[in-house]
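Going by my numbering, the first residue of the sequence shown is number 128, and it counts up by one from there. Glycine included, each C-beta is placed from N, C-alpha and C at the ideal position. Bear in mind the structure is a predicted one, so any value in this text is a computation, not a measurement.
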Amino acid sequence: MIENRLQLIIPADRIQQRVAEMGAQISSDYPEAEPLLLAGVLKGAWVFLADLARAISRPVTIDFLHTSSYGEGNTSSGEAKLVRDLDTSIEGMHVLLVEDIVDTGVTLDYLMRVLSQRRPRSLAIASFLDKPSRRQRQVDIRYRGFEVPNQFVVGYGLDFAGSYRNLPDLCAIREE
Ligand code: PRP
């Protein structure tokens, strides 16, 4: 039973407090008259994006893209590919890529290269989690929720074989 191996890492109230701080920072950093697009990276970012968007006090638009870099397991293939693109053009817009976690950095390194070619006014990253111990590609995270050690974490959008994304807390799966 994997439920017996879940260990609380960051409780929901601490997550909500941190997301509120990030939303306030983003609200003050971007000029209110200029369009800001929150581009969520499916699937993991949907919970963080929903909370972050509501913690931002200026107008935003929302879009999603979906990359694939992992299979059902937890080992990276070392490459990312775009399996669902944004619906909208980003030319001339401030774009904030919203992620649940930066692990090896392969996904965001790829997305930053792809999206920067589309002439956005600015392009930056907001990630709920940062796991720097696993980094293979250098990624500049402008807004970071929490740094986590090299543990397999689930909850708040992050999954194990598709489950546990709906946990309001962040938990680690203990080794057996
Ligand atoms: C996870 C996560 C990031 C990526 C980070 O996505 O949501 O997109 O891996 O890893 P990286 O820094 O090593 O590239 P995943 O492919 O597991 O898909 P999911 O979001 O649908 O769970």
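Asked, Found
"Three-state secondary structure assigned by DSSP to Tyr283", "coil"
"Closer than 8 Å: Thr215 CB and nearest ligand 1 heavy atom", "no"
"Proximity test, Glu130 beta-carbon vs ligand 2 heavy atom, cut-off 8 Å", "Within the structure as shown, ligand 2 is missing, the only ligands being ligand 1."
"Secondary structure of Arg248, DSSP reduced to three states", "coil"
"Whether Leu133 touches Leu294 by CB criterion (9 Å)", "yes"
"As assigned by DSSP and simplified to three states, the class of Tyr270", "strand"
"Check: Val232 C-beta below 8 Å from any heavy atom of ligand 1", "Residue identity check: residue 232 is Gly in the sequence provided, not Val. Yes, since a heavy atom of ligand 1 falls inside the 8 Å radius drawn around the Cβ of Gly232."
"Nonlocal neighbours in the same chain, by C-beta distance under 8 Å from Asn277, ignoring five residues either side", "Lys258, Ser260 and Arg261"
"DSSP state of Ser290 mapped onto helix, strand, coil", "strand"
"CB of Pro162 within 9 Å of CB of Thr188, strictly", "yes"
"Under 9 Å between C-beta atoms of Ile153 and Ile183", "yes"
"beta-carbon Asp227 near ligand 1 non-hydrogen atom, thresh 8 Å", "yes"
"Own chain partners of Leu135 with C-beta closer than 7 Å, once the 5 adjacent residues on each side are dropped", "Asp296 and Cys298"
"Where the beta strand (DSSP E) containing Ile183 begins and where it ends", "It is not in any beta strand (DSSP E) - Ile183 carries neither H nor E in the DSSP assignment."
"Ser260: CB within 8 Å of a non-hydrogen atom of ligand 1", "no"
"Helix, strand or coil at Ile136 according to DSSP, with G and I counted as helix", "strand"
"Rounded C-alpha distance that separates Glu199 from Asp212", "Low confidence applies here, because Glu199 scores a pLDDT of 46, under 50, leaving its location unreliable and the question unanswered by this model."
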